[in-house]
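J.:
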Amino acid sequence: MLSKKRCRHTGVVNFFADDPHLPVGSAIKVGGSVGYHWRCYTDPCAAAGAARDLKSAEREIAGLCRKASRRLARAALAF
Numbered sequence: 001m002l003s004k005k006r007c008r009h010t011g012v013v014n015f016f017a018d019d020p021h022l023p024v025g026s027a028i029k030v031g032g033s034v035g036y037h038w039r040c041y042t043d044p045c046a047a048a049g050a051a052r053d054l055k056s057a058e059r060e061i062a063g064l065c066r067k068a069s070r071r072l073a074r075a076a077l078a079f
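Mapping of the sequence shown onto our numbering: residues 1 to 79, in sequence order.
1. If you measure from the CB of GLY31, is any heavy atom of the ligand FMN nearer than 8 Å?
2. Who are GLY35's beta bridge partners in DSSP?
3. Considering only residues of the same chain and omitting the five flanking positions on each side of SER3, which have a CB-CB separation below 6 Å?
4. Determine whether the beta carbon atoms of ALA51 and ALA27 lie at a separation below 9 Å.
5. Taking only the alpha-carbon atoms, compute the straight-line gap between HIS37 and LEU64 and give it to the nearest angstrom.
6. List the endpoints of the continuous beta strand (DSSP E) containing ALA81.
7. Looking only at its own chain, which residues have a Cβ that is under 8 Å from the Cβ of VAL81, when we skip the five neighbours before and after it?
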């Protein structure tokens, strides 16, 4: 489950997982038909893309965070 917080100065929406001070992703509204540019910072699934609305951007980031968690769990079991 991700929490989110919008910066009132820049408009960037940061998404947080466990640590409330370390974002796992962000999204920002852009002009035109794109809607939002988003980025996911979780390694090894770091990625970026575009979405029509904030909810879609949040789903992309959450999906990549889940994928990264599964990969890290599998790697931990391999040791």
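Heads up, the beta-carbon is just placed ideally off N, CA and C, and yes, glycines get one too.
Values in this document were obtained by computation on a predicted structure and should not be read as measured data.
T.: On the basis of the coordinates in this document:
1. No copy of the ligand FMN occurs in the structure displayed, which carries no ligand at all.
2. VAL30
3. PHE16
4. yes
5. Cα-Cα distance, rounded: 15 Å.
6. Residue 81 is absent from the structure shown; the chain starts at 1 and stops at 79.
7. With the chain covering only 1 through 79, there is no way to say anything about residue 81.
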